[in-house]
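Taking full-length UniProt numbering, the leading residue of the sequence shown gets 1, the next gets one more, and so forth.
Glycine included, every Cβ here is placed at the ideal spot set by N, Cα and C.
Take a look at the structure below.
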Amino acid sequence: MFRSMKFKKISIALVVIIALLATGLSYANKVSEESLSLNDRLNYLGGMVRFVQEKYKYDVTEEELMEAAYNGLFDALDVHSTYFSPDDYEDFNVDSSGTYAGIGISVGVRNEKITIIAPIKGTPGEKAGLKSGDIIKSVDGVDVSNANIQKAIKLMRGKEGTKVSIGISRGNNPQILYFDIERAIVEVNPVEYEVIEDNIGYIKITTFNENTYENMKKALDDLLAKNVKGFIVDVRDNPGGILGEVEKVADYFVPKDEPIVHIEFKGDLKNTYKAKREKIDKPLVVLVNGGSASASEIFAGAVKTTNSGTIIGTQTYGKGTVQTVASLSNGGGIKITIAEYLTSDKSKIDGIGVTPDIVIKNVSEEDNKDIPQFVPMIEDVNPKLGDKGLNIYGAQQRLKFIGYEVEITGIMDEETIEAIKQFQRAQEISPSGQLDFPTREKMNQKVLRVYSNGTEDLQLEKAIEVVGK
1 MFRSMKFKKI SIALVVIIAL LATGLSYANK VSEESLSLND RLNYLGGMVR
51 FVQEKYKYDV TEEELMEAAY NGLFDALDVH STYFSPDDYE DFNVDSSGTY
101 AGIGISVGVR NEKITIIAPI KGTPGEKAGL KSGDIIKSVD GVDVSNANIQ
151 KAIKLMRGKE GTKVSIGISR GNNPQILYFD IERAIVEVNP VEYEVIEDNI
201 GYIKITTFNE NTYENMKKAL DDLLAKNVKG FIVDVRDNPG GILGEVEKVA
251 DYFVPKDEPI VHIEFKGDLK NTYKAKREKI DKPLVVLVNG GSASASEIFA
301 GAVKTTNSGT IIGTQTYGKG TVQTVASLSN GGGIKITIAE YLTSDKSKID
351 GIGVTPDIVI KNVSEEDNKD IPQFVPMIED VNPKLGDKGL NIYGAQQRLK
401 FIGYEVEITG IMDEETIEAI KQFQRAQEIS PSGQLDFPTR EKMNQKVLRV
451 YSNGTEDLQL EKAIEVVGK
């Protein structure tokens, strides 16, 4: 989703007027649907609200009815346009800005308990002594042992400078430990990076919030100073974020003056955003999957269509629309679609997604169940193009299982030969395309490794291979 702060604060009165102009159902029933003006319709809805409050058997407040009406308004629009209640809007702003007032810990649910995954470095939570594995039992005296994790998070957040008491259980200690911690501004860093094998710079971007570019710049500066061979930028399961942030990130990798994205608004208004700097002259792979959406697709699409790198993974989500956000005086907000974006070559993304240059599917636990059905590769033959056989069928099963794009036909076609060559290169054996004994053995070993370990990151393995060439 994309945010624009150019919209002025919208008075909730523009919407709530429906609750103030009601004149009853009887009036509206006399007016034909075609002749109703907007005010007539607002009067009609106001009458319905009063009628429900007077006649409905069960308890319902005007606020509950109006919240439902606000949500109903956006049901007529696309799925990315929505009304936020005050609580939901607060959560949305935290996600978008990457900044909140709290204690700075990452939490999750483990064994049905709210558990600290890790304290964020330099935050009040870390300084107070909270540790990974601590189980949160209470927040300001409120028992959260069986609470929803979102409730616990809301209780831990608050105004900067205020204090919150956290009760935790740690290890085998039967006593609850209490920490009084002063809340501070916490910035969520969506960029993680490291130097991996073959001296490759690996960068993971989890979202494009307001902190993405700043932290991406630090990552690139550090990795370039270490003279890495190339980059793997991982935007798998990245749902998107702020347009301006992805533009600045893509600016490092797209050739100067080349389009990064085209934005088409209502009517004939169009904007094109172009790269402004000289691109980094090193090999680049971008990892994507079905969870890569919106801003992630802008980034991947720009890299692909300008031939700036190689896209590896599976088809992306296909969210090609732009939203803006406006605040309401009740503390809530609205998000509405205002434009559609196209990739740098003006290809449509919405409902389609970005197709990787190299399609590789990571193995899931569901895929693992198919292993016992694999045909054994025990024929003493070395098949050629056009041949049929069990070895070929078994090889196709294994290649597909570990992520290569092949059809299981039992026929040695060109697609299968190419997949065998790719597999051989990845295993650092001669890429002959022949299904010889060493290749079959490597396939069996690879399948067993994947099966034993649950899953392997085949997409990352391929990315390392491509950058390392």
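Taking ILE402 as the centre and dropping the five residues before and after it, the same chain places the C-beta of VAL363, LYS446, VAL447, VAL450 and LEU458 closer than 7 Å to its C-beta, in chain order.
LYS55 has its alpha-carbon roughly 16 Å from the corresponding atom of TYR44. Contact check for GLY161 and GLU182: beta-carbon distance about 7 Å, within the 8 Å limit, so the pair qualifies. Out of ALA326, GLY353, SER344 and SER308, the CA that lies nearest to the CA of LYS319 is found in GLY353. Scanning the segment 286-365 for uninterrupted beta strand (DSSP E) segments of 3 residues or longer gives 310-313, 321-327 and 333-342, listed from N- to C-terminal end. Here TYR83 is bridged, per DSSP, to ILE334. Between TYR83 and PHE74, the gap from beta carbon to beta carbon is short of 8 Å. For VAL49, the enclosing alpha helix (DSSP H) starts and ends at 38-55.
Taking a C-beta distance under 8 Å as the contact criterion, GLY433 and ILE417 qualify as a contact pair.
For ASP88, the secondary structure class from DSSP, reduced to helix, strand or coil, is helix. Between the alpha carbons of GLY167 and LYS276 lies a distance of about 51 Å. Per the Cβ contact rule, the segment 419-428 is not in contact with the segment 246-253 (fewer than 3 Cβ pairs under 8 Å). ILE392: not part of any beta strand (DSSP E); member of the alpha helix (DSSP H) spanning 390-401, first to last residue. Look at VAL466 here: in three-state DSSP terms it is helix.
Secondary structure of LYS204 (DSSP, three-state): strand. When the Cα atoms are used, GLY102 and PHE51 turn out to be separated by approximately 44 Å.
The beta carbon of THR123 lies closer than 6 Å to those of GLY104 and VAL186 in the same chain, with the five residues before and after it left out.
As computed with DSSP, GLU192 is found in a beta bridge with LYS204. About 6 Å separates the CB atoms of VAL288 and PRO356; that is less than 8 Å, so the two are in contact. Counted as a single uninterrupted DSSP element, the stretch harbouring THR416 is not any beta strand (DSSP E) but the alpha helix (DSSP H) occupying residues 414-426. Here ILE176 is exposed, its C-beta having fewer than 16 other C-beta atoms within 10 Å.
Annotation: the continuous beta strand (DSSP E) that includes GLU187 extends over 184-187. Collapsing the DSSP output to three states places PRO438 in a helix.
Take THR337, set aside five residues on each side of it, and the residues of its chain with a beta-carbon closer than 6 Å to its own are ASP78, HIS80, SER81, THR321 and GLN323, in chain order. Within the same chain, VAL107, ILE114, ILE136, VAL139 and VAL144 come within 8 Å of ALA152 by CB-CB distance, once the 5 residues on both sides are set aside. In this structure, the beta-carbon distance from SER296 to ASN238 falls below 8 Å. At a Cβ-Cβ threshold of 8 Å, LYS462 and ILE242 do not count as neighbours. Bridge pairing for ILE114: VAL109 [DSSP]. When beta bridges are read from the DSSP output, VAL375 appears opposite no residue. Listed in chain order, the non-local C-beta contacts of PHE374 below 7 Å within the same chain comprise GLY394, GLN397 and ARG398, local neighbours out to five positions each way being set aside. Three or more Cβ pairs closer than 8 Å define a contact, and the segment 250-266 falls short of that threshold against the segment 195-209.
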